[in-house]
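Participant: The number in our numbering is simply the position in the sequence shown, starting from 1, with 917 added. The beta-carbon is built from N, C-alpha and C at its ideal position, and this holds for glycine as well. Sharing a structure, written as structure tokens. Questions coming.
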Amino acid sequence: MEQSSIAAIELEMALLVRQLVSMTTYKKNGSLDRAAYLLLHHILASPACSVKSIADEFHLDISTVSRQVASLEQRGYISRMPDQSDGRSYTLAITEPGAEVLKENQEARQEGVRQLLKDWEEAERQAFGELLRKFNTACLEQS
């Protein structure tokens, strides 16, 4: 790889992170913080997941995920169901209020992105999405 391309990507990634933090801190897109949003999204997409499977998926400590899950459960966004195969553990399920708040937040976040990319061609948006997916996959595999 060309060093100048690595330098450009590194700088643009730093700027992107700064912009994302600014957007989520000062221009609230929805009522969920990033952790809650990602957890609800994962639980909806992965029925019968557990705290351990979430921790493994996101490369987080189980205690961190447990705290986040407890917060979502306290707000009524998820529920715990006993695991049929192991009576000591449980699986997580999104509740109707959880699905509703997730949908509202997805719409708000997507509208924010839509506004940012309104002058882009559809092919550019698709290419950007694919490259971000590829980058995120590489990050998860590296962890």
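Hey, quick one: how far does the alpha helix (DSSP H) through P1014 stretch, first residue to last?
Facilitator: Numbered from 1 along the sequence shown, position 97 holds the residue referred to as residue 1014. Here the alpha helix (DSSP H) through P1014 covers 1013–1033.
Participant: Which residues in the same chain as Y954 place their Cβ atom closer than 6 Å to its Cβ, once the five residues preceding and following it in sequence are excluded?
Facilitator: The residue you call residue 954 lines up with position 37 of the sequence shown. Cβ within range, chain order: N1022.
Participant: Which of helix, strand or coil does DSSP assign to Y954?
Facilitator: For the purposes of this step, residue 954 is taken as the residue at position 37 of the sequence shown. Three-state DSSP puts Y954 in a helix.
Participant: In three-state DSSP terms, what is A1010?
Facilitator: In the sequence shown, residue 1010 corresponds to position 93, counting from 1. Note: A1010 maps to strand in three-state DSSP.
Participant: Let me check understanding here. Comparing Cα to Cα, which of M940, A931, A1044 lies closest to R1026?
Facilitator: The count along the sequence shown starts at 1 and reaches residue 1026 at position 109. It is M940.
Participant: Which value, in whole angstroms, describes the spacing of the CA atoms of A987 and S970?
Facilitator: As a working mapping, residue 987 is identified with position 70 in the sequence shown. As a working mapping, residue 970 is identified with position 53 in the sequence shown. Approximately 16 Å, taken between the alpha carbons.
Participant: Quick test of the definition: if touching needs 3 or more C-beta pairs under 8 Å, does the stretch 987–1003 touch the stretch 1041–1051?
Facilitator: Contact between the stretch 987–1003 and the stretch 1041–1051 is absent, because fewer than three Cβ pairs lie under 8 Å.
Participant: Excluding the 5 residues preceding and the 5 following V982 in the sequence, name in chain order all residues of the same chain whose CB lies nearer than 7 Å to its CB.
Facilitator: Position 65 of the sequence shown, counting from 1, holds the residue named residue 982. So the list reads V968, I971, A972, once near-sequence residues are dropped.
Participant: Is A1010 closer than 9 Å to Q985 when the C-beta atoms are compared?
Facilitator: The residue you call residue 985 lines up with position 68 of the sequence shown. The residue you call residue 1010 lines up with position 93 of the sequence shown. Going by C-beta atoms, Q985 is not nearer than 9 Å to A1010.
Participant: Classify G1004 as buried or exposed, calling it buried when 16 or more other Cβ atoms lie within 10 Å of its own Cβ.
Facilitator: Here residue 1004 corresponds to residue number 87 of the sequence shown, with the count starting at 1. Per the 10 Å Cβ criterion, exposed.
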